[in-house]
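Student:
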Amino acid sequence: MAEPARRVADAVQRLRREEAKALADELLALWRGDPSVGDRLAARLGRIFREVGLVTRDELDEAELKIAQLEHRLRLLEDKRPPLSPPVP
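The numbering of the sequence shown is our numbering, which starts it at 312 and goes up by one.
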């Protein structure tokens with residue numbers, strides 16, 4: 312657990328002063344309940360998280376769906392039954 316925290320800290324240290332201030336301002340505004348910063352903050356944190364190798368919930372959900380589809384196809388092959396129709400992406 313310490314490794315991801317260190318990577319996030321390193322990424323935050325590489326932010327320019329203006330970017331770090333904007334991030335802090337957006338976090339404070341979100342904490343105060345200002346809904347207008349949600350998208351900007353999510354985008355900024357998304358960039359930081361991608362830089363340190365983390366994935367988003369959407370990316371994880373998409374990967375889980377693809378794995379489930381592959382498992383289903385494998386079961387069909389193992390059962391030697393042809394699929395009824397191609398899966399919907």
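From the three backbone atoms N, C-alpha and C, an ideal C-beta is built for every residue, glycine too.
1) Cα separation between Leu376 and Asp369?
2) Less than 8 Å between the beta carbons of Val323 and Ala331, yes or no?
3) Can you find at least 3 beta carbon pairs, one from the region 351-360 and one from the region 331-343, that sit closer than 8 Å?
4) Suppose you measure from the CA of Ala403 to the CA of Val348; what does that come to, to the nearest Å?
5) Suppose you measure from the CA of Leu260 to the CA of Glu382; what does that come to, to the nearest Å?
Tutor: Let's see:
1) About 10 Å.
2) Cβ atoms of Val323 and Ala331: closer than 8 Å.
3) They touch, by the three-pair rule.
4) The chain is shown only over 312 to 400; residue 403 falls outside these bounds and no answer can be derived.
5) Summary: the structure shown does not reach residue 260, with the chain confined to residues 312 through 400, and so no result is reported for it.
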